[in-house]
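A.B. asks: The opening residue of the sequence shown carries number 2 in the numbering used here; numbering runs sequentially from there.
Cβ atoms here follow ideal geometry from the backbone N, Cα and C, with glycine treated the same way.
Every value quoted in this text rests on a predicted model; they were computed, and no experiment measured them.
My questions will all concern the structure given below.
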Amino acid sequence: MASNRTFTMLKPDAVEAGHIGAILNKINEAGFRIVAMEMTQLSTQDAQAFYEVHKERPFYGELVEYMTSGPIVAAILEKDNAVEDFRKLIGATNPAEAAEGTIRKLYATSISANAVHGSDSDENAAIEGAFYFGKRAQF
Ligand code: GDP
């Protein structure tokens, strides 16, 4: 059965461009409830740990550098079928391939600076949410 929570980050490009409000509005309009939220900036160590699964990929260094380049907004979102529905709302990894109306189509600038993160499974949603919020509070 699908979990009802997912994890998102509004990435440095979206924050820098002033899109926090517009993106949160789309998230709310799509029926997600914000359960936890924090604006923060990742250290190199944080970003390396968060993207550990991509360590062997050629873009890993670029990804870590980009994700530490400015503030981000991390949040846990709640809705029925949250992981799958949020992936639909954000669109394809590469904004050039993202469907019309999706957050990445509207706000992303490149395959790297693609505005938002969305967990790809219930298991990763739990791990990623705990990465930011697990140690400090029970949600
Ligand atoms: P996602 O689940 O849609 O975020 O995509 P992935 O898990 O495959 O990749 C994680 C993140 O790495 C993406 O959101 C992008 O920011 C970045 N990324 C993925 N593919 C590429 C690539 O080919 N080049 C670069 N520079 N970054 C990439």
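1. From the DSSP output, in three-state form, read off Ala37 for me.
2. In the DSSP output, what is Val74 paired with across the bridge?
3. With respect to 8 Å, is the separation between the Cβ of Phe132 and the closest non-hydrogen atom of the ligand GDP below this value?
4. Beta carbon of Thr103, beta carbon of Ile91: below 9 Å?
5. How would you call Thr9, buried or exposed, if buried means at least 16 neighbouring beta carbons within 10 angstroms?
6. Going by the C-beta, is Arg6 closer than 8 Å to any heavy atom of the ligand GDP?
7. Relative to the C-alpha of Ala75, which residue among Arg58, Tyr61, Glu63, Leu43 is closest?
8. Identify whether Arg88 lies in helix, strand or coil by the three-state DSSP scheme.
C.D. replies: So, to answer that:
1. In the structure shown, Ala37 falls within a strand segment according to DSSP collapsed to helix, strand and coil.
2. Answer by DSSP bridge pairing, in chain order: Leu11, Met40.
3. Not under cutoff, so the answer is no.
4. Thr103 places its beta carbon less than 9 Å from that of Ile91.
5. By the neighbour-count definition (other C-beta atoms within 10 Å, threshold 16), Thr9 is a buried residue.
6. For Arg6, the shortest C-beta to heavy atom distance toward the ligand GDP is 8 Å or greater.
7. For Ala75, the nearest C-alpha among the options comes from Leu43.
8. It is helical.
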